[in-house]
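Residue numbers (the working numbering), protein chains in the order written: chain A, 964 to 1243; chain B, 12 to 195.
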Ligand code: SF4
């Protein structure tokens, strides 16, 4: 058994909360620069330029890229041979979020009840997904998720006969409906297969994969490329004001599913898609 | 085009969808919870906390200001969530809104009726936009934190006219120009 102390977990989470929010992720930065060269809309080019300037100012002044510093989504892969000492793992992660959002002057955007909307004032609780894996390492991935784009996400329970064409149709339809509301250029995470909730979690997980890394499965990687191309023909463009840069990337994760089903979850994210991982 | 607040009729008359503007003057911030509170106050026959006539509301929930700073990052939030509340405010004299994203038909109708403009700021360009905010103070609902009502003094705040008082919509006009997608 390898021991990991809760204090180290709290520190790591706090650091990632601040780092992801002030420094644009390298894959997104590259994506923005590339798309600026390909964009033909004058308004679009100007917006992409403002987004690049914004990223530069945020990093230099150590302030958030976007004021919506998100709800903290955390994926934990914990090795079976890891033992956590000093307290509870979930508490340690939430403590890290509390600390990071306070010390980083990040916005506290969480309300304690969906109907009785009182702000918790420390951005907790985080949404945490646990996976138990082999070995003795502990991997924590953090993705603060903004809600302008989150609100534009959809889940479809397709029929097996809808097939790959059906999946393409609903993915593009969701991107088209999201339009300017999701702060395009968007990053799109798609989860296909599993059950209702599994597809949604896969879609979220897809957003943690850098956009310059395609799927290991050949047909999925081809699908990612095809859909990215088609999404960029929708005309939405930067901020929805027209152009070819509608998405920076589309990542797809798949999972075995039931003989009767074809769940497709589409998690819309934006040009400040934030993700970072650490192994302790 | 450089425009100043209060947003007078002669300024609104010049603004067309697609115009890039730099806004200077006082604007107010309100988002979901702030709007709900204002509408509740109006329902009780009370006045809302600022003079709404010829004003601009910016839909934003800024991140906290660091010590010595005026405000944190402050980009626009998605506007449609305010749509249920907006026509009532337009009827009271609100003339401009700054946000991002589509508006409901009833808002556009009310804008046409009342002669108002909807501006877009670049969503996510929050650190850049913050540099045009010169002064900021909370004027009401302080307990709402980021959602409190604020009075901002802005200089050369960058925006674009998304929907003008004739209902012309930049999103609709530009999207079709670049749409080459055909479902197969
Ligand atoms: S959708 Fe993204 S860029 Fe837009 S306001 Fe939300 S977090 Fe910021």
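Think of the CB as a built atom: it goes at the ideal place given N, C-alpha and C, for glycine as much as any other residue.
From a predicted model like this one, the values you see are computed outputs, not experimental measurements.
Classification of residue i by the beta-carbon crowding that lies within 10 angstroms, buried from 16 upward
i	result
residue 983 (chain A)	buried
residue 24 (chain B)	exposed
residue 157 (chain B)	buried
residue 1202 (chain A)	buried
residue 1232 (chain A)	buried
residue 194 (chain B)	exposed
residue 96 (chain B)	buried
residue 1004 (chain A)	buried
residue 1122 (chain A)	exposed
residue 178 (chain B)	exposed
residue 1239 (chain A)	buried
residue 1013 (chain A)	buried
residue 1002 (chain A)	buried
residue 1077 (chain A)	exposed
residue 1051 (chain A)	exposed
residue 1126 (chain A)	exposed
residue 58 (chain B)	exposed
residue 1009 (chain A)	buried
Cβ neighbours of residue i in the same chain (closer than 6 Å, five flanking residues each side left out)
i	result
residue 1211 (chain A)	994, 1148, 1150, 1174
residue 1093 (chain A)	1039
residue 135 (chain B)	86
residue 145 (chain B)	164, 166
residue 923 (chain A)	Residue 923 (chain A) lies beyond the stretch modelled for chain A, which goes from 964 to 1243, so this question has no answer here.
residue 999 (chain A)	1011
residue 1205 (chain A)	1004
residue 1055 (chain A)	969, 972, 973
residue 1133 (chain A)	1119, 1227
residue 1172 (chain A)	1214
residue 1244 (chain A)	Past the boundaries of the shown model lies residue 1244 (chain A); chain A is included only from 964 to 1243, so the question cannot be answered.
residue 153 (chain B)	159
residue 151 (chain B)	60, 160
Residue i at chain A interface by Cβ criterion, 7 Å
i	result
residue 185 (chain B)	yes
residue 138 (chain B)	yes
residue 164 (chain B)	no
residue 97 (chain B)	no
residue 190 (chain B)	yes
residue 86 (chain B)	yes
residue 74 (chain B)	yes
residue 15 (chain B)	no
residue 39 (chain B)	no
residue 69 (chain B)	no
residue 133 (chain B)	yes
residue 112 (chain B)	yes
residue 10 (chain B)	Outside the displayed range of chain B (12 to 195) lies residue 10 (chain B), so it cannot be described from this structure.
residue 182 (chain B)	yes
residue 79 (chain B)	no
residue 156 (chain B)	yes
residue 45 (chain B)	no
residue 107 (chain B)	no
residue 83 (chain B)	yes
residue 35 (chain B)	no
Any C-beta of chain B under 7 Å from that of residue i
i	result
residue 944 (chain A)	Here chain A comprises residues numbered 964 to 1243, so residue 944 (chain A) is not present and cannot be evaluated.
residue 1235 (chain A)	yes
residue 970 (chain A)	no
residue 1170 (chain A)	no
residue 1111 (chain A)	yes
residue 1051 (chain A)	no
residue 1144 (chain A)	yes
residue 975 (chain A)	no
residue 1203 (chain A)	yes
Contact test: residue i Cβ vs the ligand ADP heavy atom, cutoff 6 Å
i	result
residue 1111 (chain A)	The ligand ADP is not among the ligands present in this structure, which contains only the ligand SF4.
Own chain partners of residue i with C-beta closer than 8 Å, once the 5 adjacent residues on each side are dropped
i	result
residue 128 (chain B)	18, 23, 26, 106, 107, 108, 122, 172, 174, 175, 176
residue 1053 (chain A)	1091
residue 1235 (chain A)	987, 991, 1028, 1029, 1109, 1146
residue 1083 (chain A)	1071, 1073, 1074, 1075
residue 1195 (chain A)	1207, 1208, 1209, 1210
residue 1191 (chain A)	1210, 1212, 1213
Nonlocal neighbours in the same chain, by C-beta distance under 7 Å from residue i, ignoring five residues either side
i	result
residue 966 (chain A)	1046, 1048
Contained alpha helix (DSSP H) runs [length at least 4] in the segment 81 to 163 of chain B, N- to C-terminal order: 97 to 102, 116 to 125, 137 to 141
Determine, using beta-carbon pairs with one atom in the segment 1217 to 1228 of chain A and one in the segment 1155 to 1164 of chain A, whether at least three such pairs fall under 8 Å. yes
Please go through the segment 52 to 77 of chain B and give each complete beta strand (DSSP E) segment of 3 or more residues, from N-terminal end onward. Those beta strand (DSSP E) runs which fall completely within the segment 52 to 77 of chain B and span 3+ residues are 67 to 69.
Evaluate the contact criterion for the segment 62 to 75 of chain B versus the segment 94 to 109 of chain B: three or more CB pairs, one atom per stretch, below 8 Å. yes
Continuous alpha helix (DSSP H) assignments of at least 4 residues falling wholly in the segment 1028 to 1088 of chain A: 1052 to 1066
At a cut of 8 Å, does the segment 1063 to 1082 of chain A reach the segment 973 to 987 of chain A through at least three beta carbon pairs? Short answer: they touch.
May I ask you to verify whether the segment 41 to 57 of chain B touches the segment 88 to 107 of chain B, counting CB pairs closer than 8 Å and requiring at least 3? yes
Going residue by residue through the segment 14 to 48 of chain B, where are the continuous alpha helix (DSSP H) segments of at least 4 residues, counting only ones entirely within it? 20 to 25
Note down, one range per segment and in chain order, each beta strand (DSSP E) of at least 3 residues found wholly within the segment 1158 to 1218 of chain A. Runs of beta strand (DSSP E) with 3 or more residues, each lying fully within the segment 1158 to 1218 of chain A, are absent.
The segment 1105 to 1115 of chain A in contact with the segment 1018 to 1036 of chain A per 3-pair CB rule at 8 Å: yes
Counting only runs that start and end within the segment 981 to 1017 of chain A, where is the beta strand (DSSP E) found for 3 or more residues in a row? You should have found no qualifying run.
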